[in-house]
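Residue numbers (mature numbering (1 follows the signal peptide of the UniProt record, and there is no 0)): -20 to -1, 1 to 62.
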């Protein structure tokens, strides 16, 4: 089960890094950096989606928790059972 979770997380991270292309031109680099930081998904959202999927196995809940991001990650850390 944890192998599937890590595979899912790796795929999400790979998509984030592949979509953030870099160019040698300074203006292009600034434009791309601004675009990625404004429209890209954050680390908190990725962690929230992976945690939600691990707990609920529901795409709808994973999307909702991804929107909340770090708030859900903190809730997950506090409420999980050992």
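Don't be surprised by glycine CBs; every beta carbon is placed ideally from N, CA and C.
For residue i, which of helix, strand or coil comes out of DSSP?
i          : result
residue 21 : coil
By a C-beta neighbour count over all protein chains shown, 10 Å radius and 16 as the cutoff for buried, is residue i buried or exposed?
i           : result
residue 57  : exposed
residue 46  : buried
residue 27  : buried
residue -18 : exposed
Could you pull out every residue in the same chain whose Cβ sits closer than 6 angstroms to the Cβ of residue i, ignoring the five residues on either side in sequence?
i          : result
residue 32 : 41, 42, 45
When the distance is taken between beta carbons, is residue j closer than 7 angstroms to residue i?
i           : j          : result
residue -12 : residue 53 : no
Enumerate in chain order the residues of its own chain whose CB-to-CB distance from residue i is below 8 angstroms, with the five nearest sequence positions on each side excluded.
i          : result
residue 36 : 42
Enumerate in chain order the residues of its own chain whose CB-to-CB distance from residue i is below 7 angstroms, with the five nearest sequence positions on each side excluded.
i          : result
residue 69 : Residue 69 falls outside the range modelled here, since the chain spans only -20 to 62, and no answer is possible.
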